[in-house]
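Novice: So that we are looking at the same thing, I have put the structure below in structure tokens.
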Amino acid sequence: MALTFYTNPQSRGRIARWMLEEVGAPYETVVLDYATTMKGDDYRAINPMGKVPAIVHDGRVVTEGAAICAYLADAFPQAGLAPPTDDRADYYRWMFFAAGPFEHAAIDRARKIEVTPEQSRMVGYGTLDTAIDALAGFLDEREYIAAGRFTAADVYVGSHLLWGSQFGWLPQRPAFDAYMARLRERPAYVRGGEIDDALMAGQ
1 MALTFYTNPQ SRGRIARWML EEVGAPYETV VLDYATTMKG DDYRAINPMG
51 KVPAIVHDGR VVTEGAAICA YLADAFPQAG LAPPTDDRAD YYRWMFFAAG
101 PFEHAAIDRA RKIEVTPEQS RMVGYGTLDT AIDALAGFLD EREYIAAGRF
151 TAADVYVGSH LLWGSQFGWL PQRPAFDAYM ARLRERPAYV RGGEIDDALM
201 AGQ
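For the sequence shown, UniProt numbering assigns the number 1 to the initial residue and increments by one for each residue that follows.
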């Protein structure tokens, strides 16, 4: 089955790249430019938002990083990146925590948006500190997000932590440091980063 990956190496597409490398299935990469091809009619027919990443797998379109990770884990079960269906509570909980309140809090911090106590009741994450403490407290007690082993949830949650560490907004926590060290040793993470870094150098 054909698998095409639409991305830009300076984007959240790096999350999907890592996941694709973990899956190990052959795929074609289409690199898009922010100002032109990403906003062109051909790509908007795939993702009307004009955003990356996106994949097209045997004619089926999937956008959004968390959805791509979850989809690929199910589409390629031989990679072992999804827990059994009766052991997915933590897998879904924390993957979508990262996609929702955690990313929202991080983007607000990057944009220097300060949430007042009154507004904290409105926003899904409450405060960034609350979101950070929730995830750190969970990781204090385990090596990976779900099922006692590496899964697609670690690709997605881990990408947010690695990104936050790289850009300086993530507070230091021993649980985060140990978790990220494990993730940086993944051959697929290293391989995906090298591919995207080479694409950046060639742009």
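Glycine included, every Cβ here is placed at the ideal spot set by N, Cα and C. Predicted model only: the values in this text are computed from it and were never measured.
Can we count G124 as close to the ligand FAD, meaning its CB is less than 6 Å from some heavy atom?
Specialist: By its list of ligands, the structure shown contains no ligand whatsoever, and the ligand FAD lies outside what it can speak to.
Novice: Along the chain, where does the beta strand (DSSP E) that runs through I113 open and close?
Specialist: Here I113 belongs to no beta strand (DSSP E), and DSSP marks it neither H nor E.
Novice: Measure from the alpha carbon of G202 to the alpha carbon of each residue in R173, D33, A73 and G148, then state which is nearest.
Specialist: G202 has its Cα closest to that of D33, out of R173, D33, A73 and G148.
Novice: Are W18 and V157 touching if we call contact CB-CB under 7 Å?
Specialist: Taking 7 Å as the Cβ cut-off, W18 and V157 do not qualify as a contacting pair.
Novice: Would you tell me roughly how many angstroms separate the C-alpha atoms of D196 and P9, rounded to the nearest one?
Specialist: Going from the Cα of D196 to the Cα of P9 covers about 5 Å.
Novice: Taking DSSP as the reference, what is the three-state secondary structure of I46?
Specialist: In the structure shown, I46 sits in coil (DSSP, three-state: anything other than H, G, I, E or B).
Novice: What did DSSP end up calling E28 once you bin it into helix, strand or coil?
Specialist: In this structure, E28 counts as strand in the three-state DSSP scheme.
Novice: Measure the alpha-carbon distance for P26 versus A2 and round it to whole angstroms.
Specialist: Each residue's Cα considered, the two are about 8 Å apart.
Novice: Using the Cα positions of L81 and R12, report the straight-line distance between them to the nearest angstrom.
Specialist: Spanning the two alpha carbons is a distance of roughly 20 Å.
Novice: Tell me F5's beta-bridge partners as DSSP assigns them.
Specialist: According to DSSP, which records beta bridges pairwise, F5 is partnered with T29 and I55.
Novice: In whole angstroms, what is the alpha-carbon distance linking C69 and A16?
Specialist: Computed Cα separation, rounded: 7 Å.
Novice: Based on Cα-Cα distance, which residue from T7, R173 and I113 lies nearest to T63?
Specialist: The candidate whose alpha carbon is nearest that of T63 is T7.
Novice: Looking at A73: is its Cβ nearer than 7 Å to the Cβ of H160?
Specialist: No, these two residues do not count as a Cβ contact at 7 Å.
Novice: In this structure, does DSSP put V62 in helix, strand or coil?
Specialist: V62: strand per DSSP, three-state reduction.
Novice: I need the boundaries of the alpha helix (DSSP H) containing F102, first residue and last residue.
Specialist: From DSSP, F102 is part of no alpha helix (DSSP H); its letter is neither H nor E.
Novice: Counting Cβ pairs closer than 8 Å, one from the segment 82–94 and one from the segment 33–50, do we hit at least three?
Specialist: With a cut-off of 8 Å, the segment 33–50 and the segment 82–94 do not count as touching, because too few Cβ pairs lie within range.
Novice: Should F5 be labelled buried (16 or more other beta-carbon atoms within 10 Å of its own) or exposed?
Specialist: The residue is buried, with at least 16 neighbouring Cβ atoms inside 10 Å.
Novice: Please identify the residue among Q166, T151 and R173 whose C-alpha is closest to the C-alpha of A188.
Specialist: Checked all of Q166, T151 and R173; the closest Cα to A188 is T151.
Novice: Any idea if K112 is buried or exposed, counting beta-carbon neighbours within 10 angstroms, 16 or more meaning buried?
Specialist: Burial call: exposed.
Novice: Is the beta carbon of F76 sitting closer than 7 Å to the one on V23?
Specialist: Yes; because the gap between Cβ atoms is below 7 Å, this pair is in contact.
Novice: Can you tell me the Cα-Cα spacing of I55 and R142, whole angstroms?
Specialist: Between I55 and R142, the C-alpha separation is close to 31 Å.
Novice: Can you give me the C-alpha to C-alpha distance between P53 and A198, rounded to a whole angstrom?
Specialist: Going by the C-alpha atoms only, they are around 18 Å apart.
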